[in-house]
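Asks: Under UniProt numbering, residues 1 to 392 are what the sequence shown spells out, in order. All C-beta atoms, glycine included, are put in the ideal place defined by N, C-alpha and C.
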Amino acid sequence: MVFLSTGNFVVMGRYVQWLMATPAISSLVANMTGRPRGYSVFDMLLVLTDVWGVAAFLVCVLSTSFWIKTIIVYYIGQNVHTLFSTIGPEVGGFINTLQTEVGATFGDLTAKVAFCICATILNLQVFLYHRNNAASQEAEGDELEARKLAPQEGAEGDDPKGPAKPSLKPGNVIVAVPDLPMMPYFKRLFSLLPVNMQLLPAVGAANTLTLTERAAQEGSLDCVLIHPALLHESTFDRPNLATRVKMLGRQRVCAFGFDGSEGPGVGWMLDGWFDGPSGDETLDQEHLYQQPSLSQYQQAPSMRQPLLSSGSMQSSAMQATANPLLDTAHLPLEPHGGRYGAPPSPPRPVAASSRSSLFAAQLQAAAPQQETAMLQQLIAEIERLQEELDDT
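#1: Could you compute how far the alpha carbon of L192 sits from the alpha carbon of A242?
#2: For Y185, is the classification buried or exposed, using 16 other Cβ atoms within 10 angstroms of its Cβ as the cut-off for buried?
#3: Quick one: residues in its chain with C-beta nearer than 6 Å to the C-beta of V177, no 5 flanking neighbours on either side, listed in chain order?
#4: Among the candidates D271, F256 and Q376, whose CA atom is the shortest distance from the CA of K246?
#5: Would you mind listing the beta strand (DSSP E) stretches within the stretch 171-195 that are 3+ residues and don't spill past its ends, in chain order?
#6: State buried or exposed for Q251, treating a residue as buried only when at least 16 other CB atoms are found within 10 Å of its CB.
#7: Need the endpoints of the alpha helix (DSSP H) that F84 sits in, please.
#8: Could you give the DSSP three-state label for V91: helix, strand or coil?
#9: State the Cα-Cα distance for the pair K148 and V203, rounded to the nearest angstrom.
#10: For L98, which beta-bridge partners are listed by DSSP?
#11: Considering Cα atoms alone, identify which of A111, L200, K169 and A229 is closest to A216.
#12: Round the Cβ separation of I379 and K187 to the nearest angstrom and send it over; I've been treating them as touching at under 8 Å.
#13: So, is F84 buried or exposed, given that buried needs 16 or more other C-beta atoms within 10 angstroms?
#14: Starting from the Cα of C223, find the closest Cα among N172, I121, E388 and D179 and give me that residue.
#15: Helix, strand or coil, according to DSSP, for Q125 in the structure here?
#16: Report yes if the C-beta distance between L231 and V175 is below 8 Å; otherwise report no.
#17: Verify whether the separation of the beta carbon atoms of T86 and G93 is less than 8 Å.
#18: Exposed or buried, L122, counting other C-beta atoms within 10 Å across all chains shown (16 or more means buried)?
#19: Buried or exposed, going by whether 16 or more other CB atoms sit within 10 Å of the CB of C254?
#20: Which residue from E213, I382, V73 and Q386 puts its Cα closest to that of A114?
#21: Based on DSSP bridge pairs, tell me the residues matched to I68.
#22: Spatial neighbours of E213 within its chain, please: CB distance less than 6 Å, with the 5 preceding and 5 following residues excluded, ordered by chain position.
#23: Taking L180 as the reference, give the member of E381, Y75 and W52 with the closest Cα.
#24: Between which two residues does the beta strand (DSSP E) holding Q198 run?
#25: DSSP on L221, reduced to helix/strand/coil?
#26: Let me know if F127 comes out buried or exposed under the rule of 16 or more other beta-carbons within 10 Å of its beta-carbon.
#27: Let me know if N96 comes out buried or exposed under the rule of 16 or more other beta-carbons within 10 Å of its beta-carbon.
#28: Which residues bound the alpha helix (DSSP H) around K246?
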């Protein structure tokens, strides 16, 4: 008995032994070849090769799938002319010329038509399999087939013993990439999250630092996701992007498509990293959920301000005047003074100074929102152009 890797088994060892031991096979071979009925060495070698050839053919046919058997039949059909010529009047003389031509023609057509039908069915099955088990994703401008990234909703209490995971809240995440074609991919991934996370696209290191600084001033930034190509851009007098983002404040910096072994000098500056997207590998939805939620959980204590007692409370005008960041003498947008090379403005009342300071602070706060809106409009325009190109 021969057990195969496909799970089938072939009971043929006993039959092979019986065929090699019986003299009937020797008589049959003698009748077919015209040799005398004897048991010479040549006859026994001929019997041995015939039996083992048939055994090997049976093992091959029984161990293969239906489609491989179909291919074997097709190639036999391709050689049907040679087969009929062998048994025809040219060699064997078992059939006449008309029978040879008719048999070869019908055998050839039947084999080819059967093979084409089986190939069409196989192609349809492959198409249905990929349509049901794969979703089209676009990463770095290339279309690839990847598994659906939508998280499966399990039953309640799947992990009762595990620690409670930090819950994800709506917030802002800056994604720093070297070029814009990667943004539609991340936009689609963030849309699969259970909460509304605003994606702030940043192209290049300079744009990343500008958006990080402005978002940090507002206090609405959760984390910064950086492409590995931007992490390795460093010189002797200029550190890498992760270090420069850390210097702007207590911001969490994560990297995607990064391995900790790539650079220990970069890895220790990161708060986390995960693989993908690279080739057919995509971002893990669990990692994409975990990094912003962990950032929000760790930043929550640092964002709390101590409560002031009623005796130490100050007025908003006094706070605006005492804040050195809102001093009107250093604002370049002030209409009457404080510009570079211009004489300082004369002293004004506290209320007027606080109003101009608050107006300038509102302008600074609106700048990153306008820039983000422009980048999102540009991304939408790129997606529209890509759809028009696909339609044409």
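Replies: Reading off the structure:
#1: 27 Å
#2: buried
#3: H227
#4: D271
#5: 171-177
#6: buried
#7: V80 to I87
#8: coil
#9: Here K148 scores only 40 on pLDDT, less than 50, and its place in the model should not be relied on; the value that follows carries that caveat. Straight-line Cα distance between these residues: approximately 27 Å.
#10: Partner(s): none; L98 has no beta bridge.
#11: L200
#12: 7 Å
#13: buried
#14: N172
#15: helix
#16: no
#17: no
#18: exposed
#19: buried
#20: V73
#21: The partner list for I68 (beta bridge, DSSP) is empty, contrary to what the question assumes.
#22: L248
#23: E381
#24: M197 to V203
#25: strand
#26: exposed
#27: exposed
#28: L241 to M247
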